[in-house]
Ligand SMILES: [Zn+2]
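Numbering (this note's numbering), first residue to last: 2 to 449.
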C-alpha cells in the first residue's frame, strides 16, 4: 500500500513560477514524491499521516551547494581566522589529527547539522580524505544521515604539485565500489579538485582530465584572496565547461565571469566565508545573477562560519545592496527602493542551488513529480509574525530553531523542532568522543 503524507493548511511557497504561493494549502506526498499541491487535498490511504502546517511556511528543502561537512564537529574552531590563518590551523593543522572514525563522526554530525537547519540537499566538498578508509568513512557519515546530494572526493590540503595521494587516483575505486550506476541511495559523486589556484596549470589539467575520464563533475575553489587568473588558466588549457562548479569567485574580473557564463559553468556563492574570512570584499551574487550564471549558496567553512542557509541569504542580500548602493552614496544620492528582493535569495537557496548540481528535475521546488524534500518553518513566533511579505520576514528573521519539520524523499527527519531517529543520539555521542580524541592529539602535537 502506498505511504501518504499530507502537509495541511500551510502557506506553501512552491518556488515554481507556474504554481506560485498558495495560502492555506496542502502538499500531498506519496511514496516519497510530491503528487499534488493545493487547497483541500485528501489522501487515498487509511494509514496516511497528516502534519498540521497552519501558521507555518512550507518551502522546498534548502540546498547547500558547497560545504566541508566533516568540519561539523569543530564549529567555531577558527572564529577570527582569515583564509591565510585557516591553512596552517585547519588544513595543515587539526585536519591531520583526523582518523577515519573521526571523519565518519564529523560527516554524520555535520550532515545532521544541515538537516536540522532545513537543508535537504548538500554538496560535501570532502577535503580531509587522507586514505581510502577516510573516504569510505566520510561517505558512510553522509549516507547514515539520510541527506541528499553530492559526495565530492577531495584530498587533504593545502596542496602542492604532487600527485596528492590517495586523491585523485582513489576516486576510481570509490566510484566503482560505491557509485556503480552513478548513484548511492540519495547521493552522487563528483570530484573536489585543487584547481589552478593550488597546483600548477599542468597538474591541474591532469586532474581535470582524470575527473572527466571518470565521468564525474568537478568543483574547485577560485577567485578568492591570494589567487588570480584561475579562469583564464583553465580557458588556456581548454578546461572550462558546463561540468565545472566554481566556489567563491568573488575576486574574478568581469571578463572571467563572462567566460564562466559562456562555458555554462556554475558558481557557489559563499557570503559568510567570503566576508568573515577575508576571502574577498563582496560575494559574487551580483555578477553571477547579471550574467544568468547558475548559482546557489554554500555555507562552506563550518569551523569559521555558521551552519545554515538563512544567514547566507541575509549576508548575500546585505552585501549586494551595499555594493549597489555605494556609487549612489558616493554621489550623495539616495534612492527610494533597492533592486534585489528577499525572494531572489530564497530562489538561490532552493531551485537555483538545485540547478547548480543539475538536480532541478528532482528537487528545488514543490512541483508535483519531484522528490518530497520539504522544509516547514514555524512563523508564529514574535520574530517571524510579520505584517508584510512573509518571505521577506523569513529571510530576515528565521534560523535553524524555527525549522519545525524537515522531510527528505518523503522521510521525516525533523519533527516538532527536533531531529528524529535512533541514530541522532548515537551521532552526538560519536561526535563528542571524536572531538576529545582530536583535542588530545592536537594537545600532544603542540607539546611535542
Ligand atoms: Zn570551500
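All residues carry an ideal CB built from backbone N, CA and C; glycine is no exception.
If you look at residue 405, you'll find it in the beta strand (DSSP E) that goes 404–409. CA-to-CA, the gap between residue 371 and residue 11 works out to about 19 angstroms. For the pair residue 429 and residue 231, the Cα-to-Cα distance works out to about 40 angstroms. Taking residue 347 as the centre and dropping the five residues before and after it, the same chain places the C-beta of 14, 16, 60, 314, 392, 395 and 396 closer than 8 angstroms to its C-beta, in chain order.
Each residue's CA atom was taken as its position, placing residue 296 and residue 248 some 10 angstroms apart. Exclusion of the five residues before and after residue 146 leaves 109, 112, 113 and 116 as the residues of its chain whose Cβ lies within less than 7 angstroms of its Cβ. No Cβ-Cβ contact shorter than 8 angstroms links residue 74 with residue 305.
In the DSSP assignment, residue 427 falls within the alpha helix (DSSP H) that extends over 424–448. For residue 65, the shortest separation between its Cβ and any heavy atom of ligand 1 does not lie below 7 angstroms. Remark: C-beta atoms of residue 246 and residue 219 approach each other more closely than 8 angstroms.
About 11 angstroms separates the CB atoms of residue 126 and residue 150; that is not less than 8 angstroms, and the two are not in contact.
Taking C-beta atoms under 8 angstroms as the contact rule, residue 209 and residue 194 qualify, at a distance of about 7 angstroms. It is roughly 7 angstroms from the alpha-carbon of residue 118 to the alpha-carbon of residue 402. Residue pairing of residue 185 in beta bridges, as defined by DSSP: 188. The way I'd put it, the segment 349–361 does touch the segment 281–300; three or more beta-carbon pairs between them come closer than 8 angstroms. According to the DSSP assignment, residue 297 belongs to the beta strand (DSSP E) that extends over 295–298. With distances taken between CA atoms, residue 36 lies nearest to 8 out of 56, 53, 52 and 8. If the five residues before and after residue 95 are omitted, its C-beta is found closer than 7 angstroms to the C-beta atoms of 75, 78, 439 and 443, all from its own chain and listed in chain order. Ranked by Cα distance from residue 269, the options 213, 67, 88 and 388 are led by 67. Burial is judged here by how many other beta carbons sit within 10 angstroms of a residue's own beta carbon; residue 87 has at least 16 and is buried. Excluding five sequence positions before and after residue 398, the CB atoms of its chain that fall closer than 8 angstroms to its own CB belong to 384, 385 and 387, given in chain order. Between the alpha carbons of residue 301 and residue 277 lies a distance of about 12 angstroms.
Here residue 89 is exposed, its C-beta having fewer than 16 other C-beta atoms within 10 Å.
Fully contained in the segment 32–116 are the following beta strand (DSSP E) runs of length 3 or more, in chain order: 34–39, 50–53, 57–61 and 63–68. Taking the C-beta atoms as reference points, residue 56 is found no nearer than 8 angstroms to residue 390. 415 is the residue among 286, 415, 22 and 362 whose C-alpha sits nearest the C-alpha of residue 375. Closest option to residue 258, judged by alpha-carbon separation, among 292, 237 and 128: 292. C-alpha of residue 201 to C-alpha of residue 381: approximately 54 angstroms in a straight line.
In the structure shown, residue 415 falls within a strand segment according to DSSP collapsed to helix, strand and coil. Within the same chain, no Cβ atom closer than 6 angstroms to the Cβ of residue 100 is found once the five residues on either side in sequence are excluded.
Listed as beta-bridge partners of residue 5 by DSSP are 31. One thing to note: residue 120 has its Cβ no nearer than 8 angstroms to the Cβ of residue 58. Remark: C-beta atoms of residue 279 and residue 84 approach each other more closely than 8 angstroms.
For residue 179, there is no enclosing beta strand (DSSP E); the enclosing alpha helix (DSSP H) covers residues 171–179. Assignment of residue 336 by DSSP, reduced to helix, strand and coil, places it in the coil class. Residue 206: member of the alpha helix (DSSP H) spanning 202–214, first to last residue.
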